[in-house]
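The opening position of the sequence shown corresponds to residue 5 in full-length UniProt numbering, with each subsequent residue numbered one higher.
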Amino acid sequence: QDTVALVPAAGRGERLGPGAPKSLRHLGGEPLVVHAVRRLAAANSVAAVVVAAPPGAAETVRELLAPVVLTAELVVVEGGGTRQASVAAALAAAPAHCDVVLVHDAARALAPPELADAVAAAVRAGHPAVVPVLPVVDTVRQLGEDGGASSTIDRERLRLVQTPQGFARSVLAEAHASCEDSLTDDAGLVERLGLPVHTVPGHASALKVTRPFDLVIADAVLAAERS
Ligand code: C5P
Numbered sequence: 005q006d007t008v009a010l011v012p013a014a015g016r017g018e019r020l021g022p023g024a025p026k027s028l029r030h031l032g033g034e035p036l037v038v039h040a041v042r043r044l045a046a047a048n049s050v051a052a053v054v055v056a057a058p059p060g061a062a063e064t065v066r067e068l069l070a071p072v073v074l075t076a077e078l079v080v081v082e083g084g085g086t087r088q089a090s091v092a093a094a095l096a097a098a099p100a101h102c103d104v105v106l107v108h109d110a111a112r113a114l115a116p117p118e119l120a121d122a123v124a125a126a127v128r129a130g131h132p133a134v135v136p137v138l139p140v141v142d143t144v145r146q147l148g149e150d151g152g153a154s155s156t157i158d159r160e161r162l163r164l165v166q167t168p169q170g171f172a173r174s175v176l177a178e179a180h181a182s183c184e185d186s187l188t189d190d191a192g193l194v195e196r197l198g199l200p201v202h203t204v205p206g207h208a209s210a211l212k213v214t215r216p217f218d219l220v221i222a223d224a225v226l227a228a229e230r231s
């Protein structure tokens with residue numbers, strides 16, 4: 005039995021400014037999706053990668069990735085109108101021999117292969133849902149309802165959630181089948197089934213490229229890796 009990595013890469017990336025879909029924007033001379041998939045394919049645990057490409061760009065993405073994914077099976081499908089729809093489309097195309105599923109945002113282009121392996125290992129160890137997390141370094145303040153007084157939230161028990169997130173395939177399939185509203189991650193769907201979500205340490209390099217400033221940071225991370 006094997007692990008498949010699903011890569012939602014169909015977002016428009018409007019917060020990054022006008023231009024190509026986010027996963028096709030360049031970082032260090034290559035599209036974000038190429039970085040993300042190369043690292044997943046380099047993970048020992050990953051036997052197959054399914055990418056949900058921007059609408060109309062499946063062939064382009066296939067051509068970009070064919071030289072990059074040599075040791076894993078590669079499937080490219082078109083994504084949907086929401087992240088959740090894109091993950092569902094990728095899951096439907098995942099090879100049948102894979103019983104563990106990782107879901108990884110193309111926007112977290114520099115997540116190291118070891119992070120994917122750590123998440124997959126925790127699923128294999130018996131956790132139905134696993135997310136990598138980082139501690140919160142800032143003090144957090146919650147706004148009151150309708151402009152009422154704001155209050156500090158104890159940050160000690162708060163964590164920032166990253167991807168790749170890992171799931172037993174049957175659990176992720178059930179979570180997607182049973183939830184209509186669009187959540188921002190897949191562990192949130194699994195939680196609604198009443199199942200526990202296990203956490204493992206995340207990695208600073210797995211930052212999500214959302215705004216132009218994030219590209220500056222990611223560029224620096226990549227340059228430091230290459231030096
Ligand atoms: O917009 P956000 O940064 O939260 O998107 C997270 C990931 O989900 C990105 O990799 C993006 O390409 C993907 N996505 C998708 N299909 C959508 C919207 C987002 O695959 N319709």
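Cβ coordinates follow ideal geometry from the N, Cα and C atoms, glycine included.
task: State yes or no: is the C-beta of Gly21 nearer than 7 Å to some heavy atom of the ligand C5P?
output: no
- prompt: Under 7 Å from any heavy atom of the ligand C5P, does the C-beta of Asp190 make it?
  reply: no
- request: State the Cα-Cα distance for the pair Val81 and Glu67, rounded to the nearest angstrom.
  value: 13 Å
message: With a threshold of 8 Å on Cβ separation, who are the neighbours of Thr143 within its own chain once the five nearest residues in sequence on each side are excluded?
response: Thr156, Arg159
task: Taking only heavy atoms of the ligand C5P into account, decide whether any of them is closer than 7 Å to the Cβ of Thr64.
output: For the ligand C5P, no non-hydrogen atom lies closer than 7 Å to the CB of Thr64.
field: Residue of Gly170, Asp185, Asp109 minimising C-alpha distance to His202
entry: Gly170
query: What does DSSP give as the partner residues of Ser186 in its beta bridges?
result: DSSP output for Ser186 lists no bridge partner at all.
message: When you measure from the CB of Pro12 to every non-hydrogen atom of the ligand C5P, does any distance come out below 7 Å?
response: yes
task: Report whether the distance from the Cβ of Gly83 to the nearest heavy atom of the ligand C5P is below 7 Å.
output: yes
message: Using CA atoms only, rank isn't needed, just tell me which of Pro12, Gln5, Thr7, Asp6 is closest to Thr188.
response: Pro12
query: From the DSSP output, which residues share a beta bridge with Val165?
result: According to DSSP, Val165 shares a beta bridge with Val137.
message: I want to know whether the segment 108 to 128 touches the segment 32 to 41 - three or more CB-CB distances under 8 Å.
response: yes
query: According to the Cβ coordinates, are Leu74 and Ala9 closer than 8 Å?
result: no
query: Just to confirm, are Ala210 and Leu119 a CB contact at a threshold of 8 Å?
result: The Cβ atoms of Ala210 and Leu119 lie closer than 8 Å to each other.
message: So for Leu20, helix, strand or coil by DSSP?
response: If DSSP states are grouped into helix, strand and coil, Leu20 belongs with the helices.
Endpoints, beta strand (DSSP E) assigned at Thr156: 155 to 157
- prompt: What are the partner residues of Gly170, as DSSP defines its beta bridges?
  reply: Leu106, Val134
- request: Pick helix, strand or coil for Pro25, following the three-state DSSP scheme.
  value: coil
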